[in-house]
Ligand code: HEC
Ligand code: HEC
Ligand code: HEC
Ligand code: HEC
Ligand code: HEC
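Structure, rendered in structure tokens:
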């Protein structure tokens with residue numbers, strides 16, 4: 009009996025602990041948790057800056073990479089912002105540049121280290137960013153909740169088992185508009201030239 013009570017006491021303590029973790033910890037609703045209020049909606053949406061203007065490694069390496077402050081300053085030495093809140097946030101960016109400090113962005117999308125994932129392979133075969141990340145042009149702030157995918161093993165494997173129709177040897181749609189998407193979709197509508205799928209081999213993803 010004593011042991012049971014002990015068990016319940018522990019559970020209660022755990023539940024209170026969990027409830028405390030869920031409390032917003034001093035953050036007001038809608039407040040950003042990143043060091044700078046960086047919005048994909050503003051950049052990739054309203055101002056139509058292409059994904060790969062900032063994430064230059066996506067097609068060349070394992071990671072897409074987060075742009076250095078230099079990339080931001082390329083625009084923000086001129087673009088100072090319209091609204092006072094924008095000006096305030098952009099000043100912060102310029103301060104990082106002045107002090108030659110990197111911005112410490114928190115990483116949201118993260119597969120464990122024992123998983124082998126490569127952007128390059130998926131981009132070069134023709135997948136679009138939206139396929140895995142959804143419509144990023146509507147995202148104000150990345151959080152664990154608005155991540156389109158859980159990045160779980162089942163998600164990877166399910167797509168690897170899918171037979172994707174190809175045109176000119178590339179996955180057909182949703183292809184990137186900037187990389188000849190309309191031409192590719194048209195070609196595949198008429199005659200797909202084959203299908204491609206990924207591997208289910210454990211050692212492909214777990215080296
Ligand atoms: C003006 C530069 C810029 C553009 C354009 C841009 N991004 Fe980003 N992206 C960033 C920065 C800075 C971060 C890190 C801060 C954050 O998480 O919002 C980031 C973060 C991300 C992340 C998540 C990183 C993480 O921590 O998990 C994804 C996914 C992403 N971008 C995808 C895209 C896609 C897809 C597009 C095009 C629709 C795009 N980005 C356009 C600058 C940019
Ligand atoms: C290709 C040009 C370009 C690049 C590169 C760029 N920005 Fe911007 N940024 C803009 C424009 C345009 C606005 C909108 C300004 C306005 O509405 O007055 C903006 C707005 C902002 C704002 C104000 C908040 C908002 O959403 O309107 C912040 C903060 C910001 N950018 C941070 C960054 C950071 C950090 C980077 C680098 C990772 C970056 N920008 C790279 C063009 C750029
Ligand atoms: C096949 C699915 C897939 C596609 C397509 C894809 N991504 Fe990702 N992305 C991921 C996964 C999985 C992660 C987490 C990787 C990790 O933790 O190593 C990620 C992480 C990221 C990150 C965080 C930083 C990094 O490199 O780990 C950024 C930024 C990003 N992706 C941008 C993009 C952009 C831009 C495109 C289109 C050019 C794109 N992604 C296409 C699956 C994808
Ligand atoms: C949207 C569909 C899709 C998703 C999601 C996806 N993949 Fe893939 N992946 C593919 C396809 C199709 C190929 C084959 C590409 C080729 O043959 O060039 C591939 C290839 C690969 C390769 C290269 C295999 C080789 O032979 O070297 C690795 C590694 C890989 N994927 C890992 C992952 C991991 C890890 C995840 C999840 C985090 C993932 N993929 C999610 C479709 C996907
Ligand atoms: C297409 C990529 C892919 C393939 C193929 C794959 N895995 Fe995984 N696996 C993943 C990813 C991604 C995770 C991380 C999931 C997460 O963090 O929730 C993972 C996680 C795991 C884990 C840890 C599970 C856990 O709950 O922590 C084990 C064990 C595992 N995989 C074994 C295997 C075995 C055995 C095979 C072959 C039958 C296999 N995997 C094939 C992508 C893959």
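Residue numbers (this note's numbering): 9 to 215. Note that CB positions come from ideal geometry on N, CA and C, so glycine has one too.
Between which two residues does the beta strand (DSSP E) carrying residue i extend?
| i | result |
| --- | --- |
| residue 162 | It is not in any beta strand (DSSP E) - residue 162 instead sits in the alpha helix (DSSP H) that spans 161-169. |
| residue 145 | Taken as a continuous stretch (DSSP letters only), residue 145 belongs to no beta strand (DSSP E), as it is neither H nor E. |
| residue 203 | 202-204 |
| residue 117 | Element bounds for residue 117: n/a, residue is neither H nor E. |
| residue 172 | 172-175 |
Between which two residues does the alpha helix (DSSP H) holding residue i run?
| i | result |
| --- | --- |
| residue 92 | 92-106 |
| residue 84 | 77-84 |
| residue 60 | 59-62 |
| residue 211 | 210-213 |
| residue 129 | 127-132 |
Compare the C-alpha of residue i against each of the options and name the closest.
| i | options | result |
| --- | --- | --- |
| residue 40 | 114, 157, 214 | 114 |
| residue 76 | 111, 137, 54, 83 | 111 |
| residue 143 | 78, 56, 101 | 56 |
| residue 180 | 135, 116, 78 | 135 |
| residue 132 | 157, 42, 178 | 178 |
| residue 158 | 101, 140, 83, 168 | 140 |
| residue 215 | 86, 84, 85, 120 | 120 |
| residue 104 | 52, 166, 84 | 84 |
| residue 130 | 167, 145, 86, 122 | 167 |
Could you check the C-alpha separation between residue i and residue j for me, to the nearest Å?
| i | j | result |
| --- | --- | --- |
| residue 37 | residue 212 | Its pLDDT being 48, under 50, residue 37 is placed unreliably in this model, and the coordinates cannot settle the point. |
| residue 66 | residue 108 | 25 Å |
| residue 209 | residue 162 | 13 Å |
| residue 160 | residue 93 | 37 Å |
| residue 18 | residue 91 | Bear in mind that the predicted position of residue 18 carries a pLDDT of just 47, short of 50, making it unreliable; the figure below should be weighed with that in mind. The alpha-carbon atoms of residue 18 and residue 91 are separated by roughly 50 Å. |
| residue 96 | residue 164 | 41 Å |
| residue 61 | residue 74 | 11 Å |
| residue 99 | residue 88 | 8 Å |
| residue 137 | residue 154 | 15 Å |
| residue 102 | residue 43 | 13 Å |
| residue 82 | residue 116 | 25 Å |
For the region 67-85 against the region 125-132, do three or more pairs of beta-carbon atoms, one drawn from each stretch, fall closer than 8 Å, so that the two count as touching? Yes: at least three Cβ pairs fall under 8 Å.
Touching by the beta-carbon criterion (3+ pairs, under 8 Å), the region 47-56 and the region 145-152: With the cut-off at 8 Å, the region 47-56 and the region 145-152 touch.
The region 202-210 touching the region 162-182, judged by at least three CB pairs closer than 8 Å: With a cut-off of 8 Å, the region 162-182 and the region 202-210 count as touching, because enough Cβ pairs lie within range.
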